[in-house]
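> The numbering used here numbers the first residue of the sequence shown as 95 and each following residue consecutively. Virtual Cβ for every residue (Gly too), placed ideally from N, Cα, C. Only a predicted model underlies this, so the values are computations on that prediction, with no experimental measurement involved. Take a look at the following structure, please.
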Amino acid sequence: MRERELLQRIADRSADLPESFDRVLVGPGDDCAVLAPDGRRLVLTTDHLVQDRHFDDTLPLELIGRKAVMRSVSDIAAMAAEPAWALATALLPVGYAHADDLFDHMAHHAREFGCPLVGGDIASLPAGSDGPISLTVTVGGYAENPVLRSGARVGDLVYATGELGGSMTNNRHAKATPRVAVALELARLTTIRAMIDLSDGLGIDAARIARASGVRLELDADAIPIHTDASGLSGALGDGEDYELLFTAPSRATIPESIGVARITRIGRVVEGEPATIVRMLDGSTVDASEQGFEHG
Ligand SMILES: [Mg+2]
């Protein structure tokens with residue numbers, strides 16, 4: 095299939111968008127999409143998915159497309175925002191046979207996550223090069239009050255959704271459901287001071303909140319929810335790609351024990367000190383876990 099036909103297929107797939115998504119006035123097919131923001135704050139994020147770095151050839155095509163979209167949607171969730179639209183580009187080998195299928199999967203999951211593709215583009219790798227494949231997905235969304243990493247205050251309590259670690263088992267890293275509904279419900283119910291999605295590992299990601307807020311996050315080893323697929327505490331702290339939420343809230347805030355299927359666990363507190371992720375072990379000793387994780391960039 096030629097590029098012109100592929101791009102036409104991207105447009106065809108979204109032909110019914112103006113009716114089904116009222117904030118998208120013009121979808122793919124023109125020079126630009128036309129959107130109608132509705133007075134809330136606009137939040138934007140973009141992310142690469144690169145072959146042999148973020149996925150390998152054992153990952154089914156559908157999950158490659160899903161993961162490319164899901165990573166960006168998870169960032170939107172971390173702002174307590176609602177995903178609204180997506181743009182996808184792909185860098186593929188010349189004559190790549192699965193381009194259409196790949197965009198089908200990205201389009202399907204983008205709609206499933208509430209952010210239909212409003213545009214896309216395909217570029218070819220140099221002739222004779224068969225990789226790496228690269229997908230870039232940009233997602234835009236809307237928030238009443240975007241929750242930043244920088245809002246944590248001394249005295250806040252620290253919470254995580256779900257169970258952490260072992261995400262490579264059964265391709266769970268590509269099947270995760272971004273916690274959009276959980277984040278929106280939390281923001282509606284109570285005060286969330288700071289939030290991040292757990293993409294690189296609890297240790298590294300907690301330290302990002304700590305640095306942005308100028309505080310220290312102290313986590314209790316026996317409170318961290320360890321997934322049954324994880325190899326214990328170190329897996330929960332460092333495996334990454336959980337796509338759960340880590341957030342802080344004032345100690346007086348009432349935080350539900352779960353929202354939908356997502357369990358919410360109190361795992362620690364915000365204290366004064368040099369910004370870091372400090373884990374308090376059962377015997378009372380402490381470990382700096384700020385580097386536990388995996389920089390996927
Ligand atoms: Mg993130």
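(1) Restricting to runs no shorter than 3 residues, where is the beta strand (DSSP E) found entirely within the region 304-379?
(2) Taking the alpha helix (DSSP H) that Leu196 falls in, what are its first and last residues?
(3) Flag Ala254 as yes when its Cβ comes closer than 7 Å to any non-hydrogen atom of ligand 1, and as no otherwise.
(4) Over the uninterrupted alpha helix (DSSP H) stretch that includes Arg282, give me the two end residues.
(5) Rounded to the nearest angstrom, what separates Ala393 and Arg107 at their Cα positions?
(6) Looking at Gly387 and Gly295, is the spacing between their C-beta atoms short of 8 Å?
(7) Between Ile290 and ligand 3, is the CB less than 7 Å from at least one heavy atom?
(8) Quick one: measure Cβ to Cβ for Leu229 and Ala304, integer angstroms, because I've assumed they're closer than 8 Å.
(9) Reducing DSSP to helix, strand and coil, say where Arg103 ends up.
(10) From Gly256 to Ala324, what does the alpha carbon distance come to, in whole angstroms?
(11) Between Ser261 and ligand 1, is there a pair consisting of the residue's CB and a ligand heavy atom that are separated by less than 7 Å?
(12) In its own chain, which residues sit with a C-beta less than 7 Å from the C-beta of Ala246, not counting the 5 before and 5 after it?
(13) Between Ala172 and ligand 1, is the CB less than 7 Å from at least one heavy atom?
(14) Leaving out the 5 sequence neighbours to the left and right, which residues in its chain are closer than 6 Å to Gly123 when beta-carbon positions are compared?
(15) Are the CB atoms of Ile361 and Ala254 nearer to each other than 8 Å?
(16) Is the beta carbon of Ser168 closer than 8 Å to that of Gly297?
(17) Throw me the rounded Cβ distance for the Leu313 and Arg374 pair, which I believe falls under 8 Å.
(18) Taking only heavy atoms of ligand 1 into account, decide whether any of them is closer than 7 Å to the Cβ of Asp333.
(19) Following a CB-centred definition, is Ser293 positioned closer than 7 Å to any heavy atom of ligand 1?
(20) Using the Cβ count rule (16 or more neighbours within 10 Å means buried), how would you classify Thr139?
(21) Do the region 233-251 and the region 170-182 meet, that is, are 3 or more Cβ pairs less than 8 Å apart?
(22) What do you reckon, are the CB atoms on Cys209 and Pro240 nearer than 8 Å?
(23) Quick check: the Cα distance between Glu188 and Arg96, rounded to an integer number of angstroms?
(24) Specify, as a first and last residue, the run of the beta strand (DSSP E) that Asp215 falls within.
(25) Write down the C-beta distance between Leu143 and Ala162 rounded to the nearest angstrom, noting that I regard them as a contact closer than 8 Å.
(26) I'd like the span of the beta strand (DSSP E) that includes Glu176, first residue to last.
(27) Considering only the beta carbon of each residue, do Ile320 and Leu311 sit closer than 8 Å?
(28) With a threshold of 7 Å, establish whether the CB of Asp169 neighbours any heavy atom of ligand 1.
(29) Check for me: the beta strand (DSSP E) holding Leu143 runs from which residue to which?
(30) Just to confirm the assignment, what range does the alpha helix (DSSP H) spanning Ser155 have?
(31) At the level of alpha carbons, what is the spacing between Asp125 and Ala191?
The answer reads as follows:
(1) 310-314, 339-343, 356-365 and 371-374
(2) Ala193 to Glu206
(3) no
(4) Val274 to Leu283
(5) Since the first and last residues shown for the chain are 95 and 391, residue 393 lies out of range.
(6) yes
(7) You won't find ligand 3 in this model; what it holds is ligand 1.
(8) With 8 Å as the limit, Leu229 and Ala304 do not qualify as a contact, their Cβ atoms being about 31 Å apart.
(9) helix
(10) 13 Å
(11) no
(12) Arg287, Ala288, Ile303, Ser307, Val309, Thr342 and Val364
(13) yes
(14) Ala105
(15) yes
(16) no
(17) 7 Å
(18) no
(19) yes
(20) buried
(21) yes
(22) no
(23) Before going further, note that residue 188 is Val rather than Glu in the sequence given. Rounded to the nearest angstrom, the two C-alpha atoms are 10 Å apart.
(24) Leu211 to Ser218
(25) 4 Å
(26) Glu176 to Leu186
(27) no
(28) yes
(29) Arg135 to Val144
(30) The question names Ser, yet the displayed sequence has Leu at residue 155. It spans Leu155 to Ala172 - the alpha helix (DSSP H) in which Leu155 sits, taken as one unbroken run.
(31) 26 Å
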